[in-house]
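K.L.:
Protein chains in written order, with our numbering: chain V, 1 to 212; chain D, 1001 to 1147. Just dropping this structure here.
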């Protein structure tokens, strides 16, 4: 039987598919090791000798009190996050309810759900599009480790293979209370951040001798 | 309610028009020879007693000795449904004729089977991977596929 080719325009070009495949293979090859969690600065306190307490306090207060979330929900944990936003659990009590469709306006990424390798380059791009400072919460078993799909051929075994993760919220899916608790943990973590750079590492003109 | 049309009825009408294409018949399913599949499907879609105008799904099963491709179609006019099956006995390059000229909806499902099971649909205008990416090694739903 003859098959008409007049609807060829509805098909994507093979060239684009090959490009996509190449990018996915690159991401996959570069994600063998987990990215360490970005919390080395948590025990910086003792090392620092110049402390700008008030400035840090104000900046940390401002940052932790208005977490703007980028919309990045690949799977079913997104439903729990929607429930978290809704009046019953009401995340806006804690200043966490604002959602942004553009990652350029967001500073928090809640990775709600299973991530496939085909989606991984896009999620990493969303992460890179977010301005600093930015934080990531891995929500649910799949976000932490790949969950029940861990050994599958197409699932990323944990978001920390492609982006650094600050807080892990376990559950399948986590209850809204757990998610709110996770965001509160993140707020506590942000509270410890030193927004002003470590001045002791800058060259000191008053000190004689060799520059470090 | 949609009821399955007994295979006996389908066979009794098909065997007159297409002698020798039916290999085997279950209670509700008919196994036909793979090269006569488009003609049989066309007949089932257009013949007055059948009118199977809606393709529910296409799927494929790996039985080690052979692959089986399963088609279910429904007649929205007569409210009955039927299951067609074809087999291909080779593992290297199993081939089944495409039904895209008869059912438009076969397009993505045939691509899915090609992607995950590695069955080539002859005559498909755009047979390439749909879920996995270009460059993926092998077809993961085959029983002998390993990561």
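All C-beta atoms in this analysis are idealised placements derived from N, C-alpha and C, irrespective of residue type, glycine included. Just so it is clear, the structure is predicted and the values come from calculations on it, not from any experiment.
Sort 73(V), 17(V) and 107(V) by Cα distance to residue 143(V) and report the nearest one.
P.N.:
Among 73(V), 17(V) and 107(V), the Cα nearest to that of residue 143(V) is on 73(V).
K.L.:
Check residue 247(V) in the structure and name its three-state DSSP category.
P.N.:
Any property of residue 247(V) remains undetermined from this structure, which presents chain V solely from 1 to 212.
K.L.:
Indicate whether residue 85(V) and residue 97(V) have their beta-carbon atoms separated by less than 8 Å.
P.N.:
Result yes, Cβ atoms of residue 85(V) and residue 97(V) sit closer than 8 Å.
K.L.:
Shorter than 8 Å from the beta carbon of residue 166(V) to some beta carbon of chain D?
P.N.:
For residue 166(V), the answer is no, since every Cβ of chain D falls outside 8 Å of its Cβ.
K.L.:
Output needed in chain order: residues of the segment 12-24 of chain V with a Cβ under 8 Å from some Cβ in chain D.
P.N.:
Here the close residues are 14, 17, 18, 20, 21, 22 and 24.
K.L.:
Between residue 212(V) and the rest of its own chain, which residues show a CB-CB distance below 7 Å, the 5 nearest in sequence each way excluded?
P.N.:
Model confidence at residue 212(V) stands at a pLDDT of 48, short of 50, so the residue's coordinates are unreliable; what they give is reported in the following sentence. None.
K.L.:
Could you name each continuous beta strand (DSSP E) segment of 3 residues or more that falls completely within the segment 1027-1057 of chain D, going from the start of the chain to the end?
P.N.:
For the segment 1027-1057 of chain D, whole beta strand (DSSP E) runs of length 3 or above, ordered along the chain, are 1029-1032.
K.L.:
Residues in its own chain within less than 6 Å of residue 1044(D) by CB, not counting five upstream and five downstream?
P.N.:
If we look at residue 1044(D) and ignore the five residues flanking it on each side, its Cβ neighbours are 1050 and 1052.
K.L.:
Going by DSSP, what residues sit across from residue 961(D) in a beta bridge?
P.N.:
Outside the displayed range of chain D (1001 to 1147) lies residue 961(D), so it cannot be described from this structure.
K.L.:
Below 8 Å between beta carbons is the criterion; list the residues of the segment 1110-1132 of chain D that meet it against any residue of chain V, in chain order.
P.N.:
Flagged, chain order: 1123, 1124, 1125, 1126, 1128, 1129, 1131 and 1132.
K.L.:
Residue 137(V) by DSSP, collapsed to three states: which one?
P.N.:
Strand at residue 137(V).
K.L.:
Who are the Cβ neighbours of residue 170(V) in its own chain at under 8 Å, not counting the five residues just before and after it?
P.N.:
Answer for residue 170(V): 140, 141, 144 and 178, listed in chain order.
K.L.:
Contact defined as beta carbons within less than 8 Å: I believe residue 1085(D) pairs with residue 1029(D). What is the distance between those atoms, to the nearest angstrom?
P.N.:
About 6 Å separates the two Cβ atoms, so the contact holds.
K.L.:
Using the DSSP secondary-structure output, state which residues sit across from residue 70(V) in a beta bridge.
P.N.:
Note: residue 70(V) sits in a beta bridge opposite 100(V) and 109(V).
K.L.:
If contacts are defined as beta-carbon pairs under 8 Å, then residue 1112(D) and residue 1136(D) qualify, I think. What distance do you get, rounded to the angstrom?
P.N.:
That pair is no contact at about 14 Å.
K.L.:
Could you round the C-beta distance between residue 1058(D) and residue 1109(D) to whole angstroms and report it? I think they count as a contact, below 8 Å.
P.N.:
Correct: roughly 4 Å between the Cβ atoms.
K.L.:
Taking buried to mean at least 16 other C-beta atoms within 10 Å of its own C-beta, is residue 1005(D) buried or exposed?
P.N.:
The residue in question, residue 1005(D), is buried, as its Cβ has 16 or more Cβ neighbours within 10 Å.
K.L.:
Buried or exposed for residue 147(V), going by 16 or more other Cβ atoms inside 10 Å?
P.N.:
So residue 147(V) ends up on the buried side.
K.L.:
Please name the residue, chosen from 22(V), 57(V) and 31(V), that lies closest to residue 156(V) on a Cα-to-Cα basis.
P.N.:
Nearest of 22(V), 57(V) and 31(V) to residue 156(V), Cα basis: 31(V).
K.L.:
Quick one: which unbroken alpha helix (DSSP H) runs of 4-plus residues sit fully inside the segment 1083-1133 of chain D? Chain order, please.
P.N.:
List check, alpha helix (DSSP H) in window: 1106-1117.
K.L.:
Within the same chain, show all residues whose beta-carbon is closer than 6 Å to that of residue 1089(D), passing over the 5 residues directly before and after it, in chain order.
P.N.:
Correct list, in chain order: 1066.
K.L.:
What is the DSSP secondary structure of residue 1004(D), counted as helix, strand or coil?
P.N.:
Three-state result, residue 1004(D): strand.
K.L.:
Consider the Cβ of residue 1135(D): report whether some Cβ of chain V lies at a distance smaller than 8 Å.
P.N.:
Yes, because at least one Cβ of chain V sits closer than 8 Å to the Cβ of residue 1135(D).
K.L.:
Give me, in chain order, the residues of the same chain whose beta-carbon lies closer than 8 Å to that of residue 1077(D); leave out the 5 immediate sequence neighbours on both sides.
P.N.:
1051 and 1053.
K.L.:
Based on the DSSP output, what are the partners of residue 168(V) in its beta bridges?
P.N.:
138(V).
K.L.:
In chain order, what residues of the same chain have a beta carbon less than 8 Å from the beta carbon of residue 1118(D), not counting five sequence neighbours either side?
P.N.:
So the list reads 1094, 1138, 1139 and 1142, once near-sequence residues are dropped.
K.L.:
Do you know whose CA, among 29(V), 61(V), 34(V) and 65(V), lies nearest residue 165(V)'s CA?
P.N.:
The shortest C-alpha separation from residue 165(V) is found at 34(V).
K.L.:
Could you check whether the Cβ of residue 191(V) sits closer than 8 Å to any Cβ belonging to chain D?
P.N.:
Closer than 8 Å: no.
K.L.:
Give a yes or no on whether the minimum CB-CB distance between residue 118(V) and chain D is below 8 Å.
P.N.:
Closer than 8 Å: yes.
K.L.:
Identify which residue in 1091(D), 1042(D) and 1098(D) has its Cα closest to the Cα of residue 1145(D).
P.N.:
Checked all of 1091(D), 1042(D) and 1098(D); the closest Cα to residue 1145(D) is 1091(D).
K.L.:
Counting beta carbon pairs with one atom in the segment 1004-1024 of chain D and one in the segment 1096-1104 of chain D, are three or more of them shorter than 8 Å?
P.N.:
No, the segment 1096-1104 of chain D is not in contact with the segment 1004-1024 of chain D.
K.L.:
So what does DSSP say about residue 1025(D), is it helix, strand or coil?
P.N.:
Three-state DSSP puts residue 1025(D) in a strand.
K.L.:
With 8 Å as the threshold, decide whether the Cβ of residue 1140(D) is near any Cβ in chain V.
P.N.:
Interface residue, yes.
K.L.:
May I ask you to report which of helix, strand or coil DSSP gives residue 120(V)?
P.N.:
It is helical.
K.L.:
Between residue 138(V) and residue 159(V), how many whole angstroms is the CB-CB distance? I'm expecting something under 8 Å.
P.N.:
Indeed, because the Cβ distance is near 5 Å, the residues count as touching under 8 Å.
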